[in-house]
Amino acid sequence: MIHSLFLVNSSGDIFLEKHWKSVVSRSVCDYFFEAQERASEPENVPPVIPTPHHYLISVLRHRIYFVAVIQSEVPPLFVIEFLHRVVDTFQDYFGVCTEAAIKDNVVVVYELLEEMLDNGFPLATESNILKELIKPPTILRTVVNTITGSTNVGEQLPTGQLSVVPWRRTGVKYTNNEAYFDVVEEIDAIIDKSGSTITAEIQGVIDACVKLSGMPDLTLSFMNPRLLDDVSFHPCVRFKRWEAERILSFIPPDGNFRLLSYHVSSQNLVAIPVYVKHNITFREGSSQGRFELTLGPKQTMGKAVESVLVSSQLPRGVLNVNLNPSQGTYTFDPVTKLLSWDVGKINPQKLPSLKGSMSLQAGASKPDENPTINIQFKIQQMAISGLKVNRLDMYGEKYKPFKGIKYMTKAGKFQVRT
Amino acid sequence: MQRLLQLPANAVSMVKTAQGQEEARSPVLTPDNGQPAWYNAVPPEESRHIRPGGEQEEPGSSEDAQMQPLRHDDLKEMLDSNKDSLKLEAMKRIVAMIARGKNASDLFPAVVKNVACKNIEVSPPRPSRYRDISQTDPNQLIRASALRVLSSIRVTIIVPIMMLAIKEAASDMSPYVRKTAAHAIPKLYSLDPDQKDQLIEVIEKLLADKTTLVAGSVVMAFEEVCPERIDLIHKNYRKLCNLLIDVEEWGQVVIINMLTRYARTQFLNPNANESLLEEGGEKTFYGSDEEEGKEDKVEAAALVVKRKPYVMDPDHRLLLRNTKPLLQSRNAAVVMAVAQLYFHLAPKAEVGVIAKALVRLMRSHSEVQYVVLQNVATMTIKRRGMFEPYLKSFYIRSTDPTQIKVLKLEVLTNLANETNISTILREFQTYIKSMDKDFVAATIQAIGRCATNIGEVRDTCLNGLVQLLSNRDELVVAESVVVIKKLLQMQPEKHSDIIKHMAKLTDNIQVPMARASILWLIGEYCEHVPKIAPDVLRKMAKSFTNEEDIVKLQILNLAAKLYLTNSKQTKLLTQYVLNLAKYDQNYDIRDRARFIRQLIVPTDKSGALSKYAKKLFLALKPAPVLESPFKDRDHFQLGSLSHLLNAKAGGYQELPDWPESAPDPSVRNVEVPEWTKCSSREKRKEKKVEKPFYSDSEGESGPTESADSDSDTGSGSGSGSDSGSEDSGSESGSEESEGESDSEKDEKDKRKMKKWRIYVSFCVALLLKCSFPSPQAASPTCGPLKTYELLHRITGEGLAVTYCFSRRPFTGDPHMVSVQIQFTNNTEVEARSLRVLEPKLQSGMRIAEFPEIDVLPPGEISTVVMGIDFCDSTQAANFQLCTHTKKFFVTIQPPVGELMMPIFMTENEFKKEQGQLMGMNEITEKLTLGEGCRGDHVIIQRVISTANLSRVPCGSAMECRFAGKTVTSGSLVLVTVVTKEERAAQVTVNCEKMLIGTMLVKDILQALSQ
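Line by line, the protein sequences give chains A and B.
Residue numbers for the first sequence, in the UniProt record's numbering: 1 to 418.
Residue numbers for the second sequence, in the UniProt record's numbering: 1 to 1010.
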């Protein structure tokens, strides 16, 4: 299926290639570079590019293009999903997925790729199995390997591949048994000029970090499972049980994983935790524009709105801005015309504001378009949908684990039109 | 080398720092499970530690480039050293080189030699050795790995070995080995398609497998090897449906796609009646209105006959039911696969369930969004209602990439109807103000499409677009003009003011397409604007020479139309324009001018046509239909590459049409209906290991479980996983108990050793596959060598001697051909002091005698190697073979193909060398390929077995090139085999030694035409 893989960095160099079948000349990437040139923005390169003999399917992550070469019909999502899995694995192994990290660990990268695909068909993509086969590099291991000449290849056999629970390593042992669950919700919203909500949705995930010995069998139940409209599970979750009882029952993988992602039905009204007052105007004939922005909290149930970051793409005609923030700092890039304002925490008593003027190109007519404002924020200890975990029980093991649950709300794609 | 030797010292100092850190950390946690905080903090530190070493190890690509030859020597030296650590280091660097796309092929021999290093108990990568391992090793994982390595060696000669290994593995006890066997099938198939029939047998066998581990892999093999053999699926259909949820995610995708195709051939269209109702419904309705009575009855009867009450095949239902939960998968490819299955197979009323899942995917990475939106766009044309509730999920954000924006716009346009059009248009209005001009242009197009599709809003849209005509951005205006033109064509008489407005725009607007559109409009509707039209023509005549071609053509059109309607005012202008066009550089314009002149200007010769000129030019033109580019794309299977590209990709399997009547459903009956038992309790106890995980829990998902599941570990899911934890993967437990009963230390060593094996195999496989385009050349030929008789058993009085050309370089003298001689003592007594005596040689020929064999006991076989320098001629070497009692005169005559040895060359080098060996040195023969000689690999195999040459990598599938040099003089031998249609082929040999060339051509001809 997948014939070869090329890694291309942001300056257009191929810095790694891997072939699973025969060698495909790297000149095949020329078609990709052509498409890249045609696209104005890096993310506008079409993910699927047909060439006379091959098809190139690429994903862009961390400013690296992962270009897969395929020769015949295969579902494009199959390849795309796999490539993202590769990136996730690299991130898992090296902490970051950068050109430098990949180059430093080229042998591990090769070992991983060799195990992940066999003759172009995915073989072992589960992180737990891979970690059994190939140990992630750590300082100690790097040093030991240098001296003894051993490798990162695990000394155990990849027994996970045989297991009925392939996502879990066998023989896990911890002295402190702990299980953490983070309920993270993101609000996607479009707010129109007058402040009314055009569309708002809540997407949530439950990320878990489970460090439990043996083969624990967990069940997690919610106070209000009806909120969850559409869910997708880690393969470990027993679907039938969810269907029947709305309880999550699973044997967890070892370490970090995403247990569940969900969508809160759009029928429910979504509470919008911040509001924006804005006044961005350009006057005809004058080379000045006014810029005023005030943020305030709304429906936050008493929790603080933190890490607020406002960014906006100003029209091309704007030369520079002269603004005065009541708190935080702002930057304006005169080339990309990107204004970003790092607000920090919103103090409900003293609302943060950013006011001032914009200088426009002299003589040019006023811009037609009004910029949209993108907002990022975080609210700790609250899930905006009101989702609450009821109980977490463990079966199958004797010890008493430590259980922790954390809630957080973040802005997803939160846009205010002006 | 020195640099390298310093490494350990350097490393020791690194250990110290690192250990310090290690202690500072929580001693409880094992290194790879450090706390997140620690992880975050460390990477920079870590990389700092690694980099000093790293820089030494890998001196960057710049240095690498200049030092390439030296480095290769370095690496070779490292590989040859005694230290395993150095060898490993070298291997790592080779991997790094390959990763950068460097050619590492000259290091191959050194690496291969290393595989035999004593650390590992593996002899050189003899495929048969891997086969042995794959069959006999007690550990299933080792067996599987060996098979994986074996099947990764892409050398045609080992095809029989591979076939044998796959067959063995397909009936292995361990499902994991069987899975590996399934993976090996496509590899072998691509290596040698002639094995298809045998492979299908293996596939058939594996399809019957009942484990989830195998299911995905074997269906993948099925799809690659024999997707047309749908009959193989019948018996396994129900089992596959039932296993599906427990198969790993990649396998699920493949199985679902295959089952979609299968279902299309076996079941009836669940929507057949509905579509009949839709189409036929109206007809009957009108029909009954006009003439009641018999007509009506007949039609109703016909309908009844056709509308046999549709009952869904239970197997069809099974498929739909078992795939539905997979919409919840975290894997976008699985969700998409189920979505397309529902779209193509489910009754209309049930398709809706996929919308939610697809909308969820839109939260994913932008590439996923892109593919999903393409599919949603196709779906929305057929089944609009399904996505209507999710309209707002397709609203566009300014941060979306343009390609996503355009696709979302497409979906929104498809979703527009009378009820939601006002919301959508309001949304579109904000889009028009976007900074992304490509997107604005697409929005204008979308508005145009909404206006044509929904009559109520046509005027609103038109007004909106007219306002855009005063936009400052020229592209926006141009796009609006084009769209307005299309809209006006629907009802021009009402909108002469808009046409007037547009006529004014010609002064300002520069975009050719827009100018052309305006001119066409004015020409077409010149009767609505009788005063303005001639003036526009006047202006255009002035600027004619500076216009773009499409504009010029429209000026000609305008002139012709005006001439026909208003010749008084425009006759001269038209003549002028036609004259200008007559001398235009573009021949299309010159042609058009000539054509128009003949048609409209009446002359004596002008025929009957000019009478109709007005009708020709001013015929009523039908308004264009603005259609979605996604219309009719659903004849491709959704989710496929072909659908995305809207073109058939290689290997695409058409989605068959529903059959008229259902084929016999009993073919899917299995004698022992295993699948029904699948979830029953007794069965589960018997075979709990192979039990699907989910079905397991399904059995006891009763509400009681949470209460007593603590004590319940004896059975069900708990037990399955428990046994898994105690001993690697359950299945291995019973089977490998002998291995594990050894003492613990022993066990560890063994494991380590085996791991080593796998690792080295991995390296070798990697090298074979990646860096050496022609492994069959670079590696010593592994296949069966041709054996010749030197001394027959009878003439030798019980001593039989055979020889073959081993094709290995002769160790003592590079100019000699090594000949392997095998003595078999068939007598009752010992043969003593076997040796060569009194060679009678042509001048220049030399012999390196084999060391004397002291004793050859009865019944024993002994093999020796001798070297002969044939001086690049096929003349025989005569000598005497002596035992302690007798002398035999023997002759070794080499086939010409053995007088050479392979060399490695790139295609360019080959062409260059070939260019220097033209004329007399080139011999070309035409031939017809033999019956069995189809495909590259057979040709390559035959040529290589005829002559000791190596293959030259080559881009064309029609050509095979081989290179070698003669052993004695080192003259190049270049062979090219070009295949043509219908088994015709041509062999070309370029060689300085014409005699060798001629003989070689003859031999190759013979080999290929067999």
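Glycine is no exception: its CB is placed at the ideal position from the N, C-alpha and C atoms.
Between A/Asp118 and the set B/Ala96, B/Asn139, B/Asn103 and B/Leu147, the nearest pair of CA atoms involves B/Leu147.
Apart from sequence neighbours up to five positions away, the residues of its chain that approach B/Glu860 with a beta-carbon distance below 6 Å are Asn825, ordered along the chain. Taking C-beta separations shorter than 7 Å and ignoring five residues to either side along the sequence, the partners of A/Glu99 in its chain run Asn9, Phe15 and Ile64, following chain order.
Within the DSSP secondary-structure output, A/Leu5 pairs in a beta bridge with A/Lys18 and A/Ala68.
Nearest CB-CB separation between B/Ser398 and chain A: below the 8 Å threshold. Each residue's CA atom was taken as its position, placing B/Arg934 and B/Glu959 some 13 Å apart.
In the DSSP assignment, A/Asn105 falls outside any beta strand (DSSP E), carrying neither H nor E. Across the structure, B/Val466 and B/Glu660 are spaced so that their CA atoms are roughly 52 Å apart. Interface residue (Cβ-Cβ distance to chain B less than 8 Å): A/Ile190 is classified as such.
When beta bridges are read from the DSSP output, A/His278 appears opposite A/Leu293. Residue contact check for A/Gln415 against chain B: a CB pair falls below 8 Å. Contact note: A/Pro334 does not reach chain B at a C-beta cutoff of 7 Å; the least C-beta distance is about 16 Å. When the beta-carbon positions are compared, B/Ile892 and B/Thr156 stay at least 8 Å from each other. The beta carbon of B/Phe617 is closer than 7 Å to those of Ala560, Lys561 and Leu564 in its chain, skipping five residues each way along the sequence.
In its chain, beyond the 5 residues on either side, Leu785, Lys786, Thr787, Tyr788 and Gln820 have a beta carbon closer than 7 Å to the beta carbon of B/Cys804. Check the Cα spacing between B/Val817 and each of B/Leu578, B/Asn453, B/Ala984 and B/Gly970: the tightest is with B/Gly970. Taking every protein chain shown into account, the CB of B/Gly650 has fewer than 16 other CB atoms within 10 angstroms, so this residue is exposed. According to DSSP, residue pairing for B/Asp869 in a beta bridge involves B/Arg846. Taking C-alpha positions only, B/Ser422 is separated from B/Ser364 by approximately 29 Å. For B/Val371, the nearest beta carbon of chain A is closer than 8 Å to its own beta carbon. When only Cα atoms are considered, A/Ser194 and A/Met382 end up about 27 Å apart. Around B/Lys405, the same chain offers Ile396 and Phe439 as residues with beta carbons nearer than 6 Å, after the five sequence neighbours per side are excluded.
Look at A/His263: its C-beta is under 8 Å from a C-beta on chain B. Counting every other CB atom within 10 Å of its CB across the protein chains shown gives B/Val625 a total below 16, marking it as exposed. Counting of Cβ neighbours within 10 angstroms places B/Asp231 among the exposed residues, the total staying below 16. With its beta carbon at least 8 Å from every one in chain A, B/Lys210 lies outside the interface.
For B/Thr885, same chain residues with a beta-carbon under 7 Å away, outside a window of 5 residues either side, do not exist.
No Cβ-Cβ contact shorter than 8 Å links B/Val865 with B/Arg832. Of the residues assessed, A/Met215 falls on the buried side of the cut-off, its CB having 16 or more other CB atoms within 10 angstroms.
Not flagged as an interface residue toward chain A: B/Met502, since no C-beta distance is shorter than 8 Å. Against chain B, a Cβ distance below 8 Å from A/Arg316 picks out Met435.
For B/Pro401, the chain A residues whose C-beta falls within less than 7 Å of its own C-beta are Glu41, Glu43 and Asn44, listed in chain order. Thr430, Lys433, Ser434 and Met435: these are the residues of the stretch 412 to 443 of chain B whose beta carbon lies less than 7 Å from some beta carbon of chain A, given in chain order. Counting only residues of its own chain and dropping the five nearest sequence neighbours on each side, B/Ala272 has a CB closer than 8 Å to the CB of Tyr310 and Trp658. Of all residues in the stretch 885 to 912 of chain B, none has a C-beta nearer than 9 Å to a C-beta of chain A. Taking 8 Å as the CB threshold, A/Gln361 stays off the interface with chain B.
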